[in-house]
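Below you'll find the structure, written out as structure tokens, and then a few comments.
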């Protein structure tokens, strides 16, 4: 039988797998406290206990197969006790017979790994603490805005949104028929309208996370230096039972000047001619 807990060295000697049962924000690199450790154990997988309510047994089995986990493989969990027990129960239901805990988890900060630029993918409680004026890790350097991105009129936004959030219609940044980026002049006008300068931190979220990602990409292209996205979008905020607001977006004081050339990062976009050129280059791929 497996011991109740194993060290990382003991687990690796048995070719076992490590599973981080915390929310993905902490796995990615956000510290759980201001002075806490940052990151996850080497080669650890993330199976957050909070996901299991939305995962069927088939989906969990598919997740295990995707990560090449077999029922007879030693598996060690780390996180808080409740999360570990929740994940342990589901894994055992799925047929895993050697599930223990990792006894030395998060104790050696020099071996922990982080998602590169994890601070660009924020989580609901981070935004809430920022709104409350509390100190946060990777705080914006200056002025910041929370903005919801969506297609068309803000119908769902009117019913419920993150307090203080603005609203950007994706039609302001891309146009039919192929939904290409609007001209740089229109982009400049849009940023000014929303009071955004190159040094404004913009925190985006959406009901559709792709809308937020699209707006983020175009803002980075324009030259906004610090663009963040709420991981999980509106659903993550709603599921966290944090305060919400109703009504139309507040009036925004336009930014008189962006403060930098537009675009400041033209390399983030390629046109059709550049894309065709990639087809004949060995050092580039078109996906």
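In the working numbering, the protein residues as written are 2 to 288.
Quick reminder that beta carbons are idealized off the backbone N, C-alpha and C, glycines included.
In terms of Cα proximity to residue 219, the closest of 194, 105, 269, 22 is 269. It is roughly 20 Å from the alpha-carbon of residue 239 to the alpha-carbon of residue 169.
According to the DSSP assignment, residue 278 belongs to the alpha helix (DSSP H) that extends over 273-279.
At a cut-off of 3 residues, the continuous stretches assigned as beta strand (DSSP E) that sit fully inside the region 78-151 are 100-103, 145-151. DSSP places residue 225 outside both helix and strand once states are collapsed to three, so it counts as coil.
Assignment of beta-bridge partners to residue 181 by DSSP yields 176. The DSSP-derived three-state label of residue 169 is strand. In the three-state reduction of the DSSP assignment, residue 219 falls in the helix class. DSSP, reduced to helix, strand and coil, places residue 200 outside both helices and strands of the structure shown, so it counts as coil.
Per DSSP, residue 240 is one residue of the alpha helix (DSSP H) stretching across 234-240.
The Cβ atoms of residue 8 and residue 105 lie closer than 9 Å to each other. In its chain, beyond the 5 residues on either side, 183 have a beta carbon closer than 6 Å to the beta carbon of residue 176. Between the region 82-91 and the region 29-37 there are fewer than three C-beta pairs closer than 8 Å, too few to call the two in contact.
About 5 Å separates the beta carbon of residue 204 from that of residue 229, a gap short enough to meet the 8 Å contact definition. Counting C-beta pairs with one atom in each stretch, the region 232-252 and the region 157-164 have three or more that are closer than 8 Å, which means they touch. The three-state reading of DSSP puts residue 39 in coil, since its state is none of H, G, I, E or B.
A direct Cα-to-Cα measurement between residue 17 and residue 79 gives close to 14 Å. For residue 10, no beta strand (DSSP E) segment is defined; the enclosing uninterrupted segment is the alpha helix (DSSP H) at 9-14. In the DSSP assignment, residue 18 falls outside any alpha helix (DSSP H) and lies within the beta strand (DSSP E) extending over 18-21. Closest in alpha carbon position to residue 243, among 118, 73, 133, is 133. Per DSSP, residue 49 lies in no alpha helix (DSSP H) segment and is marked neither H nor E.
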